[in-house]
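Below: the structure, in structure tokens.
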Amino acid sequence: AAVAMWFFFMHDYQKQRVLTFLDPESDPLGTGWNIIQSKAAIGSGGVFGKGWLLGTQSHLDF
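Throughout the sequence shown, residue numbering follows our numbering, covering 45 to 106 in sequence.
Structure below.
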């Protein structure tokens, strides 16, 4: 069923979204950029973040 959907029902832009989701490194500066940044953010802080005042910018010099 998935093969039929791929060939007959999905538009080109939808196919590109699926392919980018599966391999974001194929276009790291274009369509894959958001997924790569999301992976870096979750890898750094986890799903729930680092915690209150435990981020990398503890103070700002204004």
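No residue lacks a Cβ here, since even glycine has one placed at the ideal position from N, Cα and C.
Query                                                                                : Result
Secondary structure of Asp56, DSSP reduced to three states                           : helix
Whole-angstrom C-beta distance between Ile79 and Thr64, which should lie under 8 Å   : 7 Å
Exposure of Pro68, with buried meaning 16 or more beta-carbon neighbours within 10 Å : buried
C-alpha gap between Ala48 and Pro72, whole angstroms                                 : 29 Å
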